[in-house]
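For the sequence shown, the numbering used here gives the first residue as 1, with consecutive numbering after it.
We treat Cβ as the ideally placed atom computed from N, Cα and C, and that holds for glycine.
Computed from a prediction, not measured in an experiment: that's the story for all the values here.
Here's the structure, in structure tokens; my notes come after.
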Amino acid sequence: MVDGIPVTQHSGHGFGTKSIKFAVERMNGNCQFRINGDRFELRAVM
């Protein structure tokens with residue numbers, strides 16, 4: 001996690017979490033990312 005956003009070091013992997021955060025905040029929403037064991041969790045409220 002970097003600044004509360006999950007990141008990966010593997011090329012071609014991931015969900016584009018920075019893009020998700022940008023899109024949610026652009027619509028005046030809020031999002032939270034969390035690692036829970038072996039799960040990645042995203043909570044978005046718009």
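Cut-off 7 Å between Cβ atoms - residues of its own chain near residue i, not counting five sequence neighbours on either side
i, result
"residue 45", "29, 30"
"residue 43", "31, 32"
Burial state of residue i, where buried means 16 or more other Cβ atoms lie within 10 Å
i, result
"residue 18", "exposed"
Unbroken alpha helix (DSSP H) run spanning residue i, endpoints
i, result
"residue 19", "17-26"
Contacts around residue i, its chain only, beta-carbon distance under 6 Å, and the 5 residues preceding and following it disregarded
i, result
"residue 21", "31"
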